[in-house]
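Numbering (my numbering), first residue to last: 7 to 138. Even glycine gets a Cβ: it sits at the ideal position worked out from N, Cα and C. Keep in mind the model is a prediction, meaning the values are calculated, not measured. Working notes, structure below.
So this is what it looks like as structure tokens:
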């Protein structure tokens, strides 16, 4: 298994424990979160820049009941990795459920820190689940 895949596994393990500090420590200070994404008004999928803003991503997740977060596969090379994740998430305010297989795109710098991250998911499903 590549070092990048191991890093992602460690990040997902930290996520499962609620260890946000552990996750942030794996990121570059100037990390691009949801890079090249459009802000559709979905707080947990909003573009963010830097560790401090990424901490806001984890705050936004409080609006969700994450019922399933199951990494299926991680494919990695020298600079990038793609993780296939099965998620089932309920939006607490509406009770609507998002059930999706999404991709997480990870880009690493030369030191092995996460430089960029992006969800590839059915954003329309997220948008609909958020609406009253």
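**Request:** Any chance you could list the beta strand (DSSP E) runs of at least 3 consecutive residues sitting entirely within the region 112 to 137, in chain order?
**Result:** Whole beta strand (DSSP E) segments, 3+ residues: 120 to 126.
**Residue from 128, 7, 12 with nearest C-alpha to residue 107** = Among 128, 7, 12, the Cα nearest to that of residue 107 is on 128.
**Prompt:** For the alpha helix (DSSP H) that residue 30 lies in, which residues bound it at each end?
**Reply:** Start and end: 26 to 30.
**Asked** What is the rounded straight-line gap between the Cα of residue 45 and the Cα of residue 71?
**Response** The alpha-carbon atoms of residue 45 and residue 71 are separated by roughly 22 Å.
**Request:** Take residue 37 as the anchor and find which of 25, 79, 52, 60 has the nearest alpha-carbon.
**Result:** Nearest Cα to residue 37 within the set 25, 79, 52, 60: 60.
**Prompt:** DSSP three-state call for residue 80: helix, strand or coil?
**Reply:** Residue 80: strand per DSSP, three-state reduction.
**Prompt:** Alpha carbon to alpha carbon, what distance is there between residue 52 and residue 136?
**Reply:** Approximately 14 Å between the Cα atoms of the pair.
**Asked** So which of 93, 132, 42 has the shortest CA-CA distance to residue 6?
**Response** With the chain represented from 7 up to 138, any question about residue 6 goes unanswered, as that position is not in the structure.
**Asked** alpha helix (DSSP H) containing residue 93: first to last residue?
**Response** Not the alpha helix (DSSP H): residue 93 falls in the beta strand (DSSP E), residues 86 to 97.
**Request:** May I ask you to list the residues that DSSP assigns as paired with residue 55?
**Result:** The beta-bridge partner set that DSSP reports for residue 55 consists of 38.
**Message:** Pull the bridge partners of residue 70 from the DSSP assignment, please.
**Reply:** Answer by DSSP bridge pairing, in chain order: 97.
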